[in-house]
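J.: Letter 4 of the sequence shown, counting from 1, is numbered 4 in full-length UniProt numbering, and no numbers are missing.
If you scroll down you'll find the structure; I have some questions about it.
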Amino acid sequence: MMRSDKKRVQFRAPHRLIDRTDALADVLEEDRTNVLVTAL
């Protein structure tokens, strides 16, 4: 059985990327982390 423990990772990104990610997260009604994980 696989464990699905979440781990927090520091991700240093340019402010421009974070601003765009926040805008996309608002449109998709998801949080920033989910948008970044999906993109990666």
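We put the CB at the ideal spot given by N, CA and C, even for glycine.
Nothing here was measured: the structure is a model prediction, and the numbers come from that model.
Excluding the 5 residues preceding and the 5 following Val35 in the sequence, name in chain order all residues of the same chain whose CB lies nearer than 8 Å to its CB.
T.: Position 35 of the sequence shown holds residue 35. These residues qualify, in order along the chain: Thr21, Leu24, Ala25 and Leu28.
J.: What does a CB cutoff of less than 7 Å around Arg32 pick up in its chain, not counting 5 residues either side in sequence?
T.: Along the sequence shown, read from residue 1 onward, the residue named residue 32 stands at position 32. Counting only Cβ-Cβ distances below 7 Å, and skipping sequence neighbours, we find Thr21, Asp22 and Ala25.
J.: DSSP three-state label for Leu36, please.
T.: Mapped onto the sequence shown, residue 36 falls at position 36. Leu36 sits in a helix when the DSSP states are folded into three classes.
J.: Going by DSSP, what residue range makes up the alpha helix (DSSP H) through Asp19?
T.: Reading the sequence shown from its first residue, position 19 is the one you call residue 19. Here the alpha helix (DSSP H) through Asp19 covers His15 to Leu28.
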